[in-house]
Amino acid sequence: MKSHQPQLLALFILLIAGSAIGQTKDLMHLAQLQEQIKGEGDKIQVVNFWATWCAPCIKELPLFEKLNDDRKDVKVRLVSLDLDLDPNVEKVRGFVKRKKIRSEVIILDEKNPNSWIDKVDKDWSGALPATLVINNKTGKRKFVERELHAGDLEKLIAEVQ
Amino acid sequence: MKRVIFALIAVVMLGAATPKNGYEVGDTVTDFSLKNVDGKMVSLADFKDAKGAIIVFDCNTCPVSKKYNERIIALNEKFASKGFPLIAINPNSPEVSSGDSFEAMVSYAKNKGYRFPYLYDASQAVPTQFGATNTPHVFVLAKDGASMKVAYIGAIDDNASSAADATHRYVEEAVNELMQGKQVTTKKTKAIGCTIKWKAS
């Protein structure tokens, strides 16, 4: 019995470390997010800016989920801006879990929106929802600040080809 | 014929070069007349002694607007008596956002105890004229002779989640500068907000 203890302890530490990593990798600064987007040259990058409190955002989420499921040449990221209004990260994580969201969710960890909104796109007023489509290969990008409807994402992707 | 085509191309190119609608800082504001929650029509010209105005495009339904509600009331309390009345205009189409109907606005203003106009604009002509994009979206105006000019466009402050933690209170700073006869330092800012619910075109 005694001989098992170090192994159990190691397992315990691994579990704690694992869960800690799992909990922090979704929190990200804008610079980190931009690095990730640039790093994936072979896929079309689709970045949706949303929040749990934004009704039109929730309405258009299934479009991004479908895109994420159907297109292996597209990388979907759902960037939550919830922390702007409420610092409770668990509220977002709970929502993602409840809705069984399959696309990668990132919780943007930034303050003072005026300092970073222009870095996403100069044409963005800051209104939600907003979506950015980037093709790193062609260097083309599309930014839209409105709720999307069926077929809109496919059109935006075609425009950056 | 050739000349006509060139002229047409020039017009199209000009159009493409200026895709932005609405006001920029320094532009003169065209007065409007909209129905207030008390049933009376309100125009900028009604505020005869005003030195300016704080126009807030705001609504009943946006969680960011709700978070700023007390701050908007406080802005009016602080500045209306000093010649900068606050005028809230609901830019959302009630056809798209039923929670922003005139009746809903009337009870919202009553519940919140608004002591400033809360104007209804189902045609969405005024938010279009201003170039408002989200709620809450502020345009601080300053009187210049007989006209009103845009002096500041943007957010109320830099911290939506907590008024106490805001490091810049943009609207307050702008109005204070205008009252001292100074130029506004920070003329334009951005914040996370709700998209205006436009009617399907």
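Which chain is which? The protein sequence lines are A and B, in order. Position in the first sequence (first residue = 1) + 23 = my numbering. Position in the second sequence (first residue = 1) + 1 = my numbering. For each residue, glycine too, the CB sits at the ideal point set by N, CA and C. This structure is a prediction, so every number in the text was calculated from the model and none was measured.
| Classification of LYS82 (chain A) by the beta-carbon crowding that lies within 10 angstroms, buried from 16 upward | exposed
| Between the Cα of ASN137 (chain A) and the Cα atoms of B:ASN160, B:TYR115, B:GLY84 and B:ASP32, which residue gives the shortest distance? | B:ASN160
| message | Counting C-beta neighbours from all protein chains within 10 Å, is the total for ALA54 (chain A) 16 or more, i.e. buried, or is it exposed? | response | exposed
| Touching by the beta-carbon criterion (3+ pairs, under 8 Å), the region 81 to 101 of chain A and the region 126 to 137 of chain A | yes
| message | Taking CB distances under 9 Å as the criterion, tell me whether ILE140 (chain A) reaches chain B. | response | yes
| message | Strictly under 9 Å for the Cβ-Cβ distance: is GLY194 (chain B) near chain A by that measure? | response | Yes, because at least one Cβ of chain A sits closer than 9 Å to the Cβ of GLY194 (chain B).
| message | Cβ closer than 7 Å: which chain B residues qualify as neighbours of ASP109 (chain A)? | response | SER162
| query | So ALA153 (chain A) and PHE72 (chain A) are in contact, right, with Cβ under 8 Å, and what is the actual spacing, rounded? | reply | 4 Å
| message | What does the alpha-carbon distance come out to for the pair ILE60 (chain A) and GLN68 (chain A)? | response | 7 Å
| query | For PHE80 (chain B), is the classification buried or exposed, using 16 other Cβ atoms within 10 angstroms of its Cβ as the cut-off for buried? | reply | buried
| Whole-angstrom distance between LEU90 (chain A) and ILE157 (chain A), CA atom to CA atom | ILE157 (chain A) and LEU90 (chain A): Cα-Cα distance of roughly 15 Å.
| request: Would you verify that the beta carbon of VAL65 (chain B) is, or is not, closer than 9 Å to some beta carbon of chain A? | output: Closer than 9 Å to some Cβ of chain A, the Cβ of VAL65 (chain B) qualifies, so yes.
| Does the ligand MN have a heavy atom nearer than 8 Å to the CB of LYS188 (chain B)? | This structure lacks the ligand MN; in fact it carries no ligand of any kind.
| Quick one, which of B:VAL38, B:SER94, B:ALA164 and B:THR186 has its alpha-carbon nearest GLY114 (chain B)'s? | B:VAL38
| query | How many whole angstroms separate the CB atoms of LEU35 (chain B) and ILE90 (chain B), which I take to be in contact at a CB cut-off of 8 Å? | reply | Indeed, because the Cβ distance is near 7 Å, the residues count as touching under 8 Å.
| query | What do you reckon, are the CB atoms on THR62 (chain B) and SER98 (chain B) nearer than 9 Å? | reply | yes
| query | Any contact of the region 160 to 179 of chain B with the region 115 to 122 of chain A, i.e. 3+ C-beta pairs under 8 Å? | reply | no
| Taking the beta strand (DSSP E) that ARG100 (chain A) falls in, what are its first and last residues? | 97 to 103
| message | Give me the chain A residues within the contact set of LYS191 (chain B), using Cβ-Cβ distance strictly less than 8 Å, ordered along the chain. | response | PRO136, ASN137, ILE140, ASP141, TRP147, SER148 and GLY149
| field | Bridge partners - THR29 (chain B), DSSP secondary structure assignment | value | BP columns for THR29 (chain B) point to B:LYS150.
| query | Pick from A:ASN135, A:LEU179 and A:PHE87: whose alpha carbon is nearest that of ILE124 (chain A)? | reply | Minimum Cα distance to ILE124 (chain A) is reached at A:PHE87.
| said: In the DSSP output, what is THR154 (chain A) paired with across the bridge? | reply: Looking at the DSSP assignment, THR154 (chain A) forms a beta bridge with A:ASN71 and A:VAL167.
| request: Within its chain, find whatever has a CB closer than 7 Å to the CB of ASN123 (chain B); leave out the 5 residues flanking it on each side and keep chain order. | output: Reading the sequence as shown, one finds Ala at residue 123 (chain B) and not Asn. Contacts found: SER94 and PRO95.
| Environment of ILE44 (chain A) [buried if 16+ CB atoms lie within 10 Å] | Low per-residue confidence applies at ILE44 (chain A): pLDDT is 42, beneath 50, and the placement is therefore not dependable, though the value from the model is reported in the following sentence. Classification of ILE44 (chain A): exposed, given that the 10 Å Cβ count is below 16.
| Limits of the unbroken beta strand (DSSP E) element including ASP203 (chain B) | The displayed coordinates of chain B run from 2 to 202. Any statement about residue 203 (chain B) would go beyond what the structure contains.
| task | Would you verify that the beta carbon of SER94 (chain B) is, or is not, closer than 9 Å to some beta carbon of chain A? | result | no
| Reduced DSSP secondary structure (H/G/I, E/B, other) of GLY62 (chain A) | GLY62 (chain A) falls in the helix class under three-state DSSP.
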